[in-house]
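The structure under discussion appears below in the form of structure tokens.
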Amino acid sequence: MPSANYRVELDIFCGPLDLLLYLVRRSEVDILDLPIARIAAQFIDFLQVLEQIDLDLVGDFVVMASTLVEIKSRLVLPQPEEEQPAETPISEEDPRSELIQQLLEYKKFKEAATALETRAEQWQERYPRLSNERPQTAKDPSADRIKEVELWDLVSALGRVLRRKDVEDEARIRYDDTPIQVYVQQIGGRVREEGEVRFFTLFDAETIRSKIVGMFLAVLELLRHHGFRAEQPENFGDIIIRPPLEDAEQPSEPPKLELPSLEQLQGGIAAETDRQADQE
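In numbering that gives the first Met the number 0, the protein residues as written are 0 to 279.
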């Protein structure tokens with residue numbers, strides 16, 4: 000399990016509604032025609048992975064999973080024959096209606112927040128520099144976002160790692176007390192050295208479940224607070240971890256000149272003095 004003094008940080012857009020919206024987009028279905036059975040099964044799969052990461056995070060997700068199961072049960076119950084199909088996609092009698100309305104409202108809220116964030120970034124890029132001596136404002140690392148790859152893509156990839164046959168069974172879990180920062184240094188150093196590392200290769204030799212989770216948390220730490228980047232070229236494919244852009248922008252160091260030591264200088268001066276004396 001993760002170190003007891005490490006807390007998993009999820010921002011406002013990482014709650015159960017955010018996961019639902021992610022599953023809807025990934026399934027390429029219309030929110031108004033929410034396929035409850037399929038989405039509920041996928042949601043529960045994610046819930047099982049989140050339980051491995053941090054039990055304190057899953058409270059709201061458990062409530063949402065229960066809601067999905069309840070809606071699914073109500074949908075399979077036989078309906079009275081006198082009821083006619085509703086003309087609108089969502090009717091008041093539809094067990095999904097309240098959840099769909101919440102999801103639509105959340106979608107609007109998230110899109111508006113994303114648009115505001117994009118505008119703020121564009122404004123900062125156009126802001127004229129008044130003076131080279133203007134002090135630089137420190138950037139709050141907690142404001143970083145995983146842009147190229149959503150958090151749920153990473154959680155999905157972790158789930159595939161944990162479902163490997165060689166990963167230890169739940170019945171004989173061993174606890175890993177390694178501090179998260181140790182994994183941050185190890186994984187960060189490897190990514191910087193190799194230029195890019197595929198997510199699944201990080202866990203090729205690992206079978207201890209708690210160690211896998213600790214390494215996953217280190218990846219999140221690198222992406223959120225250390226400027227590392229994650230990309231997923233193909234849907235459901237492997238995720239590529241890359242070093243910060245600042246690493247590539249830094250100019251290469253000029254070759255170091257090997258200066259002679261004091262003893263070498265003294266020896267050279269003495270030799271030159273002897274040579275001049277011989278010539279005289």
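For every residue, glycine included, the Cβ atom is placed at its ideal position computed from N, Cα and C.
DSSP on residue i, reduced to helix/strand/coil?
i	result
Ile186	helix
Ala229	strand
Tyr105	helix
Thr66	helix
Ile280	Given a span of 0 to 279 for the chain in the structure shown, any question on residue 280 remains unanswerable.
Tyr174	coil
Gly302	Since the first residue of the chain shown is 0 and the last is 279, residue 302 is not available in this structure.
Thr357	Nothing can be reported for residue 357: it is not among the residues displayed for the chain, which extend from 0 to 279.
Asp17	helix
Lys164	coil
Phe45	helix
Glu245	helix
Arg144	Any reading at Arg144 must be qualified, since the residue scores a pLDDT of 45, below 50, and its modelled position is unreliable; no value is offered.
Would you tell me roughly how many angstroms separate the C-alpha atoms of residue i and residue j, rounded to the nearest one?
i	j	result
Glu230	Val48	21 Å
Thr136	Leu221	Caution is warranted here: a pLDDT of 47 is assigned to Thr136, below 50, making its placement in the model unreliable, and the coordinate value is therefore given only provisionally. One C-alpha to the other measures close to 22 Å.
Phe227	Gln185	14 Å
Gly58	Arg125	43 Å
Arg241	Lys107	31 Å
Glu92	Val218	45 Å
Ala39	Ala111	27 Å
Asp17	Trp151	9 Å
Lys71	Pro94	8 Å
Arg73	Ser96	12 Å
Phe214	Arg25	Residue identity differs from the one stated: residue 214 is Met in this sequence, not Phe. Cα to Cα, the separation comes out at about 26 Å.
Thr200	Ala114	35 Å
Glu216	Pro243	It is worth fixing the name first, because residue 216 is Leu in this sequence and not Glu. Using only the alpha carbons, I get a separation of about 18 Å.
Tyr174	Arg159	20 Å
Leu56	Glu245	33 Å
Could you name the residues that DSSP lists as bridge partners for residue i?
i	result
Val196	Ile240
When burial is assigned at 16 or more other CB atoms within 10 Å of the CB, is residue i buried or exposed?
i	result
Gln41	buried
Val23	buried
Pro253	No answer about Pro253 holds up, because its pLDDT of 49 lies below 50 and its placement is not dependable.
Ser155	buried
Tyr182	buried
Glu149	buried
Gly236	exposed
Leu280	Residue 280 lies beyond the stretch modelled for the chain, which goes from 0 to 279, so this question has no answer here.
Pro15	buried
Val75	exposed
Gln51	buried
Leu153	buried
Gly188	exposed
Beta carbon of residue i: closer than 7 Å to some heavy atom of the ligand NAP?
i	result
Leu49	Only the bare structure without any ligand can be found here, which leaves the ligand NAP out of the picture.
Exercise. Could you say if the segment 159-166 and the segment 201-220 meet the contact criterion of at least three C-beta pairs nearer than 8 Å?
Key: yes
Quiz item: Three or more C-beta pairs closer than 8 Å, one from the segment 189-200 and one from the segment 59-69: is that the case here?
Solution: no
Quiz item: Is it a yes or a no for the segment 14-31 touching the segment 103-112, going by three-plus beta-carbon pairs under 8 Å?
Solution: yes
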